[in-house]
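What follows is a single structure, written as structure tokens, with notes after it.
Protein chains: 4
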Amino acid sequence: MTLAQAEKVIAVAKAAAVKQGTLMNIAVVDAGGNLKAFARMDGAFLGSIDVSIKKAKTARMFNMSSKEFGDLAQPGEPLYGIEVTNGGLAVFGGGQLIRDKSGTIIDAIGVSGSSVEDDMATAEAGANGL
Amino acid sequence: MTLAQAEKVIAVAKAAAVKQGTLMNIAVVDAGGNLKAFARMDGAFLGSIDVSIKKAKTARMFNMSSKEFGDLAQPGEPLYGIEVTNGGLAVFGGGQLIRDKSGTIIDAIGVSGSSVEDDMATAEAGANGL
Amino acid sequence: MTLAQAEKVIAVAKAAAVKQGTLMNIAVVDAGGNLKAFARMDGAFLGSIDVSIKKAKTARMFNMSSKEFGDLAQPGEPLYGIEVTNGGLAVFGGGQLIRDKSGTIIDAIGVSGSSVEDDMATAEAGANGL
Amino acid sequence: MTLAQAEKVIAVAKAAAVKQGTLMNIAVVDAGGNLKAFARMDGAFLGSIDVSIKKAKTARMFNMSSKEFGDLAQPGEPLYGIEVTNGGLAVFGGGQLIRDKSGTIIDAIGVSGSSVEDDMATAEAGANGL
Numbered sequence: 001m002t003l004a005q006a007e008k009v010i011a012v013a014k015a016a017a018v019k020q021g022t023l024m025n026i027a028v029v030d031a032g033g034n035l036k037a038f039a040r041m042d043g044a045f046l047g048s049i050d051v052s053i054k055k056a057k058t059a060r061m062f063n064m065s066s067k068e069f070g071d072l073a074q075p076g077e078p079l080y081g082i083e084v085t086n087g088g089l090a091v092f093g094g095g096q097l098i099r100d101k102s103g104t105i106i107d108a109i110g111v112s113g114s115s116v117e118d119d120m121a122t123a124e125a126g127a128n129g130l
Numbered sequence: 131m132t133l134a135q136a137e138k139v140i141a142v143a144k145a146a147a148v149k150q151g152t153l154m155n156i157a158v159v160d161a162g163g164n165l166k167a168f169a170r171m172d173g174a175f176l177g178s179i180d181v182s183i184k185k186a187k188t189a190r191m192f193n194m195s196s197k198e199f200g201d202l203a204q205p206g207e208p209l210y211g212i213e214v215t216n217g218g219l220a221v222f223g224g225g226q227l228i229r230d231k232s233g234t235i236i237d238a239i240g241v242s243g244s245s246v247e248d249d250m251a252t253a254e255a256g257a258n259g260l
Numbered sequence: 261m262t263l264a265q266a267e268k269v270i271a272v273a274k275a276a277a278v279k280q281g282t283l284m285n286i287a288v289v290d291a292g293g294n295l296k297a298f299a300r301m302d303g304a305f306l307g308s309i310d311v312s313i314k315k316a317k318t319a320r321m322f323n324m325s326s327k328e329f330g331d332l333a334q335p336g337e338p339l340y341g342i343e344v345t346n347g348g349l350a351v352f353g354g355g356q357l358i359r360d361k362s363g364t365i366i367d368a369i370g371v372s373g374s375s376v377e378d379d380m381a382t383a384e385a386g387a388n389g390l
Numbered sequence: 391m392t393l394a395q396a397e398k399v400i401a402v403a404k405a406a407a408v409k410q411g412t413l414m415n416i417a418v419v420d421a422g423g424n425l426k427a428f429a430r431m432d433g434a435f436l437g438s439i440d441v442s443i444k445k446a447k448t449a450r451m452f453n454m455s456s457k458e459f460g461d462l463a464q465p466g467e468p469l470y471g472i473e474v475t476n477g478g479l480a481v482f483g484g485g486q487l488i489r490d491k492s493g494t495i496i497d498a499i500g501v502s503g504s505s506v507e508d509d510m511a512t513a514e515a516g517a518n519g520l
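Residue numbers (my numbering), protein chains in the order written: chain V, 1 to 130; chain D, 131 to 260; chain R, 261 to 390; chain S, 391 to 520.
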């Protein structure tokens, strides 16, 4: 994953947020889980800086969307409490894996700033943007 | 517990994971709760590095499996919320005590990388490997 | 400071790095010291992600360049040891304030990835890019 | 870098430590800076668990040995104070990059447990073990 690709992912996600009428923090991490690019739209939540980065990292760290991962972390579910590991994980939607045409995971996007549904839709738009 | 023993525990757990068809992170901590040996199988979750170590530490810190400990940490149970102490605990299965023939606790193993059931089965295989 | 301005600062800094032949991590924080935009050039140091963000924050937190701040933090100087506060500060060059035409501080840029001299030159290019 | 390769690096480093008459903690991180394998020899310092891991990460994060990096972090040197970034870096010898035959960095080894000179010699033995 190149910086040019990460910037394209962010641009596509940002356009989706504008269309949605939301203000988003958008983070892209590489295959090693390290931050590659980030943008906070004007007026977006300050608290979502960290959340968006954690969503992207969570998706990459467990190779599933943060929504799927979060479903396993609910009270009564097998991974209840796992959010305190790894310096803090995001156990709700908005983190999405990005794969190349062969299906290999190349990085992940995390979006935070509106309802979880909006965050997920924006993240998916970004993930499909390449 | 010697390093040779810890490496044997990891080798047995790894063989169990291969048989299971899973990709595991496997950690062994000593009687003091300090990391003794660790291995991440190729392709295993990055997020499970920390989870596997925390599972082993949790078992040793409270002298019970992380599953038994986790049962006490569920909503409504006596230790609800305890996972935020000690820099983060693992309150679900996959951390297992290792005892010598006299029953004395000599260390603990933590396994993370698949379903909690798979993690527990692999950890038990490793714990019985000595 | 808008996201468009932050992205322009990053683009100018990136162009300066390309001209320099260096691979940089570039972070922009807003007037509140919170991350606004970030880019890691392909092949740039992983350790410079955090360093570039800390440089920008340090500049904004004390309203001087991280070089000027760092001079005060040397052994024997008045702020010796201050780098362990605030979750870690950067006490060397590469963090630069950005001011609007009236001289008001609107944000800060942090650059990390090469020698401190290169980092400072790139940060200055970015800071003057608006 | 496979787990088999990481285990070979550790085995070679361990043999070098035995020859040296030292007790070492040995960590290997992958190209993303994430822990791949770890071993603590019987009787080795507990405090060196974290140090060995940080040495390996530091080498990979800045693509140089932790000794070369540490030389830049001494009082009066350009990166003085950088050890407080990235959750703590090791700014002394014992962290070494591992390259494949084409020169590409594939991971890094960190060794801690004796004098810095001994640590460096053991790390180099491990790095050349592949």
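Think of the CB as a built atom: it goes at the ideal place given N, C-alpha and C, for glycine as much as any other residue. Everything numeric in this text was worked out from a predicted model, so none of it was measured.
Reduced DSSP category for residue i - H, G, I as helix; E, B as strand; rest coil
i, result
"A405/S", "helix"
"G347/R", "coil"
"A125/V", "helix"
"A434/S", "coil"
"G370/R", "strand"
"L133/D", "helix"
"E77/V", "coil"
Residue i: first and last residue of the uninterrupted beta strand (DSSP E) it sits in
i, result
"K231/D", "Per DSSP, K231/D belongs to no beta strand (DSSP E) and is neither H nor E."
"A167/D", "165-170"
Close-in-space but distant-in-sequence residues of the same chain around residue i (CB under 8 Å, 5 per side omitted)
i, result
"M324/R", "L357"
"Q280/R", "S374, D378, A381, T382"
"A16/V", "A121, T122, A125, G126"
"A291/R", "M261, R320, I365, I366, D367"
"G76/V", "none"
"G330/R", "A350, V351, F352, G353"
Extent of the continuous alpha helix (DSSP H) to which residue i belongs
i, result
"I416/S", "Note, I416/S: premise wrong, no alpha helix (DSSP H); beta strand (DSSP E) at 415-420."
"A446/S", "438-452"
"F69/V", "66-71"
Proximal residues to residue i (C-beta, below 7 Å), its chain only, five neighbours per side dropped
i, result
"R170/D", "N155, I179"
"M191/D", "G163, N216"
"R359/R", "I365, I366"
"L295/R", "A287, V289, I313"
"A134/D", "none"
"L202/D", "P208, L209"
Reference residue i, options the options, closest by Cα
i, options, result
"P78/V", "D248/D, I239/D, K166/D", "D248/D"
"M131/D", "D237/D, V246/D, T252/D, G243/D", "D237/D"
"A266/R", "G363/R, A297/R, K361/R, E328/R", "A297/R"
"G173/D", "G162/D, T152/D, G163/D, T188/D", "T152/D"
"F92/V", "L3/V, G81/V, D100/V", "G81/V"
"E68/V", "A59/V, P75/V, G76/V", "A59/V"
"I105/V", "N128/V, L72/V, G88/V", "N128/V"
"K101/V", "A90/V, S52/V, L130/V", "L130/V"
"L479/S", "G493/S, A394/S, S442/S, V408/S", "S442/S"
"K444/S", "E473/S, L393/S, V408/S", "E473/S"
"V116/V", "A73/V, S66/V, P75/V, G76/V", "S66/V"
6 Å Cβ shell around residue i - same chain, five flanking residues per side excluded
i, result
"F45/V", "G113"
"A446/S", "A417, V419, G485, A498, I499, G500"
"G386/R", "V269, V272, A273, I369"
Residue i beta carbon near the ligand NAP (any heavy atom closer than 7 Å)
i, result
"N453/S", "By its list of ligands, the structure shown contains no ligand whatsoever, and the ligand NAP lies outside what it can speak to."
Contact residues within the region 31-52 of chain V, judged by C-beta distance below 8 Å to chain S: A31, G32, G33, N34
Residues, ordered as in the chain, of the region 198-223 of chain D that lie near chain V by beta-carbon distance below 8 Å: G200, A203, Q204, P205, E213, V214, G218, L219, A220, V221, F222, G223
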